[in-house]
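Encoded as structure tokens, the structure appears first; notes follow it.
There are 4 protein chains.
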Amino acid sequence: MDFSYSPKVENLRAELMRFFDASLYPNEAVYQQQVRRNRAAGNAWVPVQVIEDLKPLARERGLWNLFLPKSSRAPQGLSNLEYAPLCEIMGRVMWAPEVFNCSAPDTGNMETLERYGSDAQKDRWLEPLLAGDIRSAFLMTEPAVASSDATNIQCSVRRDGDDYVINGRKWFASGAGDPRCALYIVMGKTDPAAPTHQQQSMVLVPANTPGIEVIRPLPVFGYDDAPHGHMEIELREVRVPVGNLLLGEGRGFEIAQGRLGPGRIHHCMRTIGVAERALELLCKRVQSREAFGKRIADHSVWHERIAEARCMIEQARLLTLKAAYLMDTVGNKVARAEIAMIKVVAPNMACQIIDWAIQAHGGAGVTEDFPLAGLYAGIRTLRIADGPDEVHRGTIARLELAKHAIRLEQ
Amino acid sequence: MDFSYSPKVENLRAELMRFFDASLYPNEAVYQQQVRRNRAAGNAWVPVQVIEDLKPLARERGLWNLFLPKSSRAPQGLSNLEYAPLCEIMGRVMWAPEVFNCSAPDTGNMETLERYGSDAQKDRWLEPLLAGDIRSAFLMTEPAVASSDATNIQCSVRRDGDDYVINGRKWFASGAGDPRCALYIVMGKTDPAAPTHQQQSMVLVPANTPGIEVIRPLPVFGYDDAPHGHMEIELREVRVPVGNLLLGEGRGFEIAQGRLGPGRIHHCMRTIGVAERALELLCKRVQSREAFGKRIADHSVWHERIAEARCMIEQARLLTLKAAYLMDTVGNKVARAEIAMIKVVAPNMACQIIDWAIQAHGGAGVTEDFPLAGLYAGIRTLRIADGPDEVHRGTIARLELAKHAIRLEQ
Amino acid sequence: MDFSYSPKVENLRAELMRFFDASLYPNEAVYQQQVRRNRAAGNAWVPVQVIEDLKPLARERGLWNLFLPKSSRAPQGLSNLEYAPLCEIMGRVMWAPEVFNCSAPDTGNMETLERYGSDAQKDRWLEPLLAGDIRSAFLMTEPAVASSDATNIQCSVRRDGDDYVINGRKWFASGAGDPRCALYIVMGKTDPAAPTHQQQSMVLVPANTPGIEVIRPLPVFGYDDAPHGHMEIELREVRVPVGNLLLGEGRGFEIAQGRLGPGRIHHCMRTIGVAERALELLCKRVQSREAFGKRIADHSVWHERIAEARCMIEQARLLTLKAAYLMDTVGNKVARAEIAMIKVVAPNMACQIIDWAIQAHGGAGVTEDFPLAGLYAGIRTLRIADGPDEVHRGTIARLELAKHAIRLEQ
Amino acid sequence: MDFSYSPKVENLRAELMRFFDASLYPNEAVYQQQVRRNRAAGNAWVPVQVIEDLKPLARERGLWNLFLPKSSRAPQGLSNLEYAPLCEIMGRVMWAPEVFNCSAPDTGNMETLERYGSDAQKDRWLEPLLAGDIRSAFLMTEPAVASSDATNIQCSVRRDGDDYVINGRKWFASGAGDPRCALYIVMGKTDPAAPTHQQQSMVLVPANTPGIEVIRPLPVFGYDDAPHGHMEIELREVRVPVGNLLLGEGRGFEIAQGRLGPGRIHHCMRTIGVAERALELLCKRVQSREAFGKRIADHSVWHERIAEARCMIEQARLLTLKAAYLMDTVGNKVARAEIAMIKVVAPNMACQIIDWAIQAHGGAGVTEDFPLAGLYAGIRTLRIADGPDEVHRGTIARLELAKHAIRLEQ
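Below, the structure written as structure tokens:
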């Protein structure tokens, strides 16, 4: 369990940090302005120019598709452990991952295609995703049921001749606001009569298929996150060829399991970067202002918070590295306790630290002048997305209790 | 210290609750739609029709200016203790207080005028405010300094002949987004050489005075709260007659002290209403959905949270009533420990309960489909506005330590 | 809901505080010495002289049996609301309540006898208890089962002719260590076949009945609390006349319900006194020592804790007063939510404040030089005794959910 | 930063766990009985037989002095990283470390002698300590001052001819209760006029030197921890030869710094073992009892706690391993942030988990029937010993702020 960074990773980290200093941080305000300008011009749902400008630069420097595990199409792929420190850095600016073609949900979708897709499916969808030419969304959660229990999912995927016909309403389809979003991976029931965990399947649905209606962008706190967006989508008699099925009927849970591990750990890695950013902003702010006769940094209540923040970040990072190591070495299934742990730990940790940072900034903290409120909204939502805290804690507890199983009848 | 509701208050409560059932809750979606429609039409900064429609109904039922303490212009005024349960109800819908002409910052501004204004000032500004014809803003906080320590405030108010000339930048001027906002109460330095607490004064500034520029609405967690708004405002060589001074030069702190007590307790009363609303939504949600084979309400983790929420609300309400009682009987100055306590307790309590309620709602909790995320943004900001938690805790601690003063030299 | 103190209560408070200043605080070290001396002499399980010396003084000043509600035998009895501020003061010194014949579990036992006892039972047991001549214990909890669910209680109470024959093992029989403890009130099953809540009965058992074996004093965080003690007791074929039954067969739950309300609120009242004492000690300590160039009281981290402590105490006290008021006016059954709330709130609040006070005292805080560690042990145990937090939170949540009941089938 | 266990460590772990299963757990009750028997016989301050019986067995199996870093006298010494998982296991039973000659404060004292002692000092004291023939204490903390700031320490060490003459009162001299405790390492001022951090020195003082009076064992919560004990000790004109000085006059701080790093991390390692034990006990308990119709383990509130506990332990362990790794590779000084972090994290984490475990055990949790209350007392004290949380948080915060230093004058 060696967490040291290899020379290859050290080089990528250095390159990435240089890139952030040179091209990301200086463009944070630019990004905001461009979105604002688009919105004022009547449509915020268009690609943001600064991202498009930065993508070729990132690609040039070898900072492209870093998330991708070693595979036939990515012979130089990184392990989860190698990717972790890089992904963490990308988390420091909310829109940064897209610059490196490493943004959710595309990374999870690309991994899903790589693992479970047929060659034809890969050619059709994986290639343009890897090239950053199109984007994708993942349609799982539904507004009408407690989707924290995925067996509740109701969307119908009915076989009809050589087609599947899909009916259902999905929401929180992140990224579906982008006009380049061309692919939906949809989870739904192919066989309501099958055993609970074999009812669901996953189907590839082109975003322009007739019957699809994007109802609205869901605001997260007050942010619509345009042009990315979290969309509510109605599917009415949406028809796709049976070849669009992933892996096999009834294997939706299996794919979800395989997809969610990497998706979750990427979120956690980025979340650690968010927390580092928030702590950095906090430390700068309390040193730059005075109140009641001394720097705010000299009021010891802030020492408590800064110290707690540092302790929390260090611990969450190490646990994330352990989870990454286990995923690399013994697989997502054996690592499921650790994946569940970081999924609980990282967003809760970051929410607390961002909250302290907001408090340190006074009124400025809740505005757009600092990225804090926006980060809070995103990370708070992460305590619900990809399984709420309660479900992951349940998983951890079940595994823990099993270690000390007591049979009452003894 | 009798917290029972008098028959008069009981009647008003009943009337108010009937009004909410009949006219407020059913119009929550309408309000959203109207703001959205205004925004889509190019300007969200106009009065919302549903509020204008409801105002006369509220007035008709005697639900108007309830916040106003007994005085020459309000012979039927309520005490703080009497107003508390009514204000709490108004807090249940974010935009409701305006319907009853009881919204911040107008209520605090009206109290300030009533207490410290000359007759001419009252005629000019208090009357139209009491009638709901105009609105007002309070310009104290500044972006450039830690305004938590009000001695930091830099805005210059320079005497020049029969005028004051004002220069400074203010922000978080809540309500200044409304086109009917006609009056700014501005805090600034008349004498930088005076003893620290006698440097500041308060001046009445008509919103249409030359030299005033409203820079932008400050978003709060992504919400611009149009048409109310929290504005950043630049004042450049803004000139008002000396008769616009409130109370006297150098008495800004004294007024702030007098104003903030009632302003703070009103916020706390409303915040308790917010918490009740959040808990109610939580209880309904967990009973309406199932996961893992039983109602979410039957998972005991939710019992812990519901019980804690109920304990927290009950306690915060009682402490608020005590503070109100003390303000009524011994005055804001003697009650300053209790005012500081509720200012810390109420928003922290409500933030926690709203957070649990959001979690109970899953993804829906962060969207506009429920009022929770919006309420969170508002209440979280309240932990900073009108003095951040840290400052109020400092006040409480200082008073507590003084009770057990130890002199080291003994 | 008037929480003001009546002149009668004000007089008693003043008298009680004078008594504490004159006779309690100065004797805290004496009490410790006497117990230590008794222990060194081979038996700590004998009455402590200082208590015996103070009792007549307290009685003389009218500070005797203050807990007792108005009744035929206590025509001047106090209401719960009146007793609350007095009981709180008594809580400031752990052994103080006995000086006023107001200590647990005697007060709860006396109330039980007063409410549910026959005249003969009252003559035999209530009179000497009121006189402070004997003491009593309450035998409910059992080591073998989760007694948090009282239906689990297994102790057998078998009718045999004119006797009941009792077999069972009880523990945490507080006060049973005292050689003057003459009466046990025992809960056990008279009818295992009856409906769940009618299986249990309560029986008066003289402590010297054959078949009773006091196994051991249970240490609480290392304290045996001699000579009071929390005893484990075995009952083997213990035989008492049927006349010793309280109220009726199968009515044990009913009595427990009636007994536990007052018992719990008394604990909470005292707990508030404990918290006040801890905060007072904390404030004195941080003002009396310096570290890193300034008084510990000037490190703002302590301001946060002191302020939080004051907020927590004020709120818990008000909630306790509300519960007392409701018990007085609408009865223990209607007040059960509030009783459950304070039973959770008060000990958790006090544990946190004592913990901060310990931290403020450094090493001294965990020793016998200050009462803090001992108080922590006692109050921590109170989070379990008389129903653990989890059970009370369950009660509160059930009542809350019922207010917003949703029927899924609608 | 490779945290994998080497084969050597794996073998030692396996051996140690076998030893615990065979000889430690089965003797926990025996230990309690023997102490109780000694106490009943009039003197608890004598070695406990079961420890003496187990020591040769441990030594035989190579489980002796494992704490000792590689050095001339310990050619097979382990690194901190290697020792961590072994020390953790030893923490599972409070008295276990002595069996392996790995108990505090002897380990810290032995390291101090090894690092800073002269050959003569090593021969005289280190050898018998390594052999387990004598024990030692560390006399630093003083009752009269806030010892959290070590510059406050007042004990006088006055040069007088070829002797030092020591006067002062020390307390919390752990282990000084043991009759075999032969050596005190005493910190005191040799030069009150020197710069603050060069006033203090460390001196080796034989426990039987005239002028030493052991005043009393300090109870920790209610535990005296006999025969180990935490003693208050008066030194009056205690005279030792100048050769007993460690390292040099005025170098006390330097030694303290060097000593406390390893001492602290050992405490943290053991604390993780304590937390694991508590969680194990919790998991067993909630599976062994029923309440309200189901196993306590099936109430989801316990899932939350178990999951949080597992997350907290994993993270604290990883951070401890990181600190150990840094101490091994870059030294205690560079690792001081990480050492401070684990010193805060580990005891707070363990206190919370033990508290949950106590709650899960009901009344039994606070008694001697389970090790929980005793462990709580010990670990709670650790939040004060070797520097209170506040001081360590201050260190962490200072280092963090320095990373983002802002100069206000810019």
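So the protein lines, in turn, are chains A, B, C and D. Residues in the first sequence are numbered from -19 upward in steps of one, following the numbering used here. Residues in the second sequence are numbered from -19 upward in steps of one, following the numbering used here. Residues in the third sequence are numbered from -19 upward in steps of one, following the numbering used here. Residues in the fourth sequence are numbered from -19 upward in steps of one, following the numbering used here. Glycine included, C-beta positions come from ideal geometry on N, C-alpha and C. Given the structure is predicted, the values throughout are model-derived calculations rather than measurements.
> Looking at the unbroken alpha helix (DSSP H) that takes in Ser280(A), where does it start and where does it end?
Replying inline: Locating residue 280(A) in the first sequence gives position 300, counting from the first residue. Segment 280 to 309, the alpha helix (DSSP H) holding Ser280(A).
> How close, in whole Å, do the beta carbons of Asp392(A) and Lys323(A) come, if the pair is a contact with beta carbons under 8 Å?
Replying inline: The structure shown does not extend to residue 392(A), since chain A is modelled only from -19 through 390, so no value can be given for it.
>> Counting beta carbon pairs with one atom in the region 331 to 349 of chain B and one in the region 179 to 190 of chain B, are three or more of them shorter than 8 Å?
In response: no
> Taking the alpha-carbon positions, what's the Asp278(A) to Arg196(B) distance?
Replying inline: Along the first sequence, one-based indexing puts residue 278(A) at 298. Along the second sequence, one-based indexing puts residue 196(B) at 216. Rounded to whole angstroms, Asp278(A) to Arg196(B) spans 33 Å at the Cα level.
> Who are Val145(B)'s beta bridge partners in DSSP?
Replying inline: Residue mapping note: residue 145(B) aligns to position 165 of the second sequence, counting from 1. Answer by DSSP bridge pairing, in chain order: Arg138(B), Arg219(B).
> Which partner residues of Ser51(D) appear in the DSSP bridge assignment?
Replying inline: The count along the fourth sequence starts at 1 and reaches residue 51(D) at position 71. In DSSP, Ser51(D) forms a bridge with Ala54(D).
> Between Gly42(B) and the rest of its own chain, which residues show a CB-CB distance below 8 Å, the 5 nearest in sequence each way excluded?
Replying inline: Stepping through the second sequence from its first residue, residue 42(B) is reached at position 62. The answer, listed in chain order, is Leu(-8), Glu(-5).
> Count the other CB atoms within 10 Å of the CB of Lys169(C); is the residue buried (16 or more) or exposed (fewer)?
Replying inline: On the third sequence, position 189 is the one that residue 169(C) refers to. Buried, by the Cβ-count rule.
> Is there at least one Cβ from chain A nearer than 8 Å to His341(C)'s Cβ?
Replying inline: Position 361 of the third sequence, counted from the start, is the residue given in the question as residue 341(C). False, the Cβ-Cβ gap to chain A never drops below 8 Å.
>> For the alpha helix (DSSP H) containing Met167(A), name the first residue and the last one.
In response: Within the first sequence, numbered from 1, the residue matching residue 167(A) stands at position 187. Taken as a continuous stretch (DSSP letters only), Met167(A) belongs to no alpha helix (DSSP H), being part of the beta strand (DSSP E) at 161 to 169.
> What are the boundary residues of the alpha helix (DSSP H) that Phe233(C) is part of?
Replying inline: Counting from one through the third sequence, the residue named residue 233(C) turns up at place 253. 232 to 268 is the extent of the alpha helix (DSSP H) around Phe233(C).
> Met211(C) bridges to which residues according to DSSP?
Replying inline: The residue given as residue 211(C) occupies position 231 in the third sequence. Beta-bridge pairing links Met211(C) to Ala153(C), Pro197(C).
> Which runs of the alpha helix (DSSP H) spanning at least 4 residues fall entirely within the region 77 to 131 of chain C, listed in chain order?
Replying inline: 86 to 96, 107 to 110
>> Could you compute how far the alpha carbon of Val73(D) sits from the alpha carbon of Ala255(D)?
In response: The residue labelled residue 73(D) in the question sits at position 93 within the fourth sequence. The residue labelled residue 255(D) in the question sits at position 275 within the fourth sequence. For Val73(D) and Ala255(D), the distance between alpha carbons rounds to 11 Å.
> So, Lys383(B) versus Cys135(C), is the Cβ gap smaller than 8 Å?
Replying inline: Numbered from its first residue, the second sequence carries residue 383(B) at position 403. Numbered from its first residue, the third sequence carries residue 135(C) at position 155. No, they are not a contact pair.
>> Output needed for Pro396(A): all residues of its chain with C-beta closer than 6 Å, excluding positions within five of it in sequence on either side, in chain order.
In response: Residue 396(A) cannot be examined here, being either before or after the span of chain A that is shown, -19 to 390.
> For Ser59(A) and chain D, any beta-carbon pair shorter than 8 Å?
Replying inline: For the purposes of this step, residue 59(A) is taken as the residue at position 79 of the first sequence. No, its Cβ sits nowhere closer than 8 Å to a Cβ of chain D.
>> My output table needs one value for Tyr356(C): the three-state DSSP class, helix, strand or coil.
In response: Along the third sequence, one-based indexing puts residue 356(C) at 376. Here Tyr356(C) sits in helix by DSSP.
>> Is there a C-beta anywhere in chain B that falls below 8 Å from the one on Ala377(C)?
In response: For the purposes of this step, residue 377(C) is taken as residue 397 along the third sequence, with counting starting at 1. Yes, contact with chain B.
>> If you reduce the DSSP assignment to three classes, tell me which class Leu182(C) lands in.
In response: Position 202 of the third sequence, counted from the first residue, corresponds to residue 182(C). First, the residue type needs correcting, since residue 182(C) is Met and not Leu in the sequence shown. Strand at Met182(C).
> So what does DSSP say about Lys274(A), is it helix, strand or coil?
Replying inline: Taking the first residue of the first sequence as position 1, residue 274(A) is located at position 294. Strand, per DSSP.
> For Asp204(D), which three-state DSSP category applies?
Replying inline: Taking the fourth sequence and counting its residues from 1, the one referred to as residue 204(D) is at position 224. Three-state DSSP puts Asp204(D) in coil, outside helix and strand.
> Using DSSP with H/G/I as helix, E/B as strand and the rest coil, what is Asp(-18)(D)?
Replying inline: As a working mapping, residue -18(D) is identified with position 2 in the fourth sequence. It is a strand residue.
>> Using 8 Å for Cβ pairs, my map puts Gly71(B) next to Gly253(B). What's the rounded Cβ distance?
In response: Against the second sequence, residue 71(B) aligns to sequence position 91. Against the second sequence, residue 253(B) aligns to sequence position 273. Confirmed, Cβ separation roughly 3 Å.
> With a Cβ-Cβ cutoff of 8 Å, do Cys82(C) and Met249(C) count as a contact?
Replying inline: Taking the first residue of the third sequence as 1, we reach residue 82(C) at position 102. Taking the first residue of the third sequence as 1, we reach residue 249(C) at position 269. No, the pair does not count as a contact, with Cβ atoms beyond the cut-off.
> Would you call the CB atoms of Asp158(D) and His208(D) closer than 8 Å?
Replying inline: As a working mapping, residue 158(D) is identified with position 178 in the fourth sequence. As a working mapping, residue 208(D) is identified with position 228 in the fourth sequence. Going by C-beta atoms, Asp158(D) is nearer than 8 Å to His208(D).
>> Counting only beta-carbon separations shorter than 8 Å, does His384(D) have a partner in chain B?
In response: Reading the fourth sequence from its first residue, position 404 is the one you call residue 384(D). Judged by the 8 Å Cβ criterion, His384(D) is not in contact with chain B.
>> Once DSSP output is grouped into helix, strand and coil, what is the label at Ile133(D)?
In response: Counted from its first residue, the fourth sequence places residue 133(D) at position 153. In this structure, Ile133(D) counts as coil in the three-state DSSP scheme.
>> For Glu217(D) and Asn147(D), which I take to be in contact (beta-carbon distance under 8 Å), what is that distance rounded to the nearest angstrom?
In response: Translated into the one-based positions of the fourth sequence, residue 217(D) becomes position 237. Translated into the one-based positions of the fourth sequence, residue 147(D) becomes position 167. Correct: roughly 6 Å between the Cβ atoms.
> Where do the ends of the alpha helix (DSSP H) carrying Met329(C) lie?
Replying inline: Position 349 of the third sequence, counted from the start, is the residue given in the question as residue 329(C). First-last of the alpha helix (DSSP H) with Met329(C): 316 to 341.
>> Once the 5 residues before and after Ile165(C) are set aside, which same chain residues still bring their CB inside 8 Å of it?
In response: Position 185 of the third sequence, counting from 1, holds the residue named residue 165(C). These residues qualify, in order along the chain: Asn89, Thr92, Ser116, Ala117, Phe118, Leu119, Met182, Val183, Leu184, Val185, Leu226.
> Do the region 269 to 278 of chain D and the region 344 to 355 of chain D touch if we need at least three Cβ pairs shorter than 8 Å?
Replying inline: no
> With respect to the alpha helix (DSSP H) encompassing Val(-11)(D), which residues constitute its N-terminal and C-terminal limits?
Replying inline: Along the fourth sequence, one-based indexing puts residue -11(D) at 9. -13 to -1 is the extent of the alpha helix (DSSP H) around Val(-11)(D).
> Would the beta-carbon of Ser(-14)(D) fall within 8 Å of that of Glu62(D)?
Replying inline: Taking the fourth sequence and counting its residues from 1, the one referred to as residue -14(D) is at position 6. Taking the fourth sequence and counting its residues from 1, the one referred to as residue 62(D) is at position 82. Yes, these two residues count as a Cβ contact at 8 Å.
>> Short of 7 Å in beta carbon distance, which residues of its chain neighbour Met(-3)(C), apart from the five on each side in sequence? Order them along the chain.
In response: The count along the third sequence starts at 1 and reaches residue -3(C) at position 17. Excluding residues within five positions, the ones whose Cβ falls inside 7 Å are Ile69.
>> How far does the alpha helix (DSSP H) with Val10(A) in it extend, from its first residue to its last?
In response: Against the first sequence, residue 10(A) aligns to sequence position 30. Its alpha helix (DSSP H) spans residues 8 to 20.
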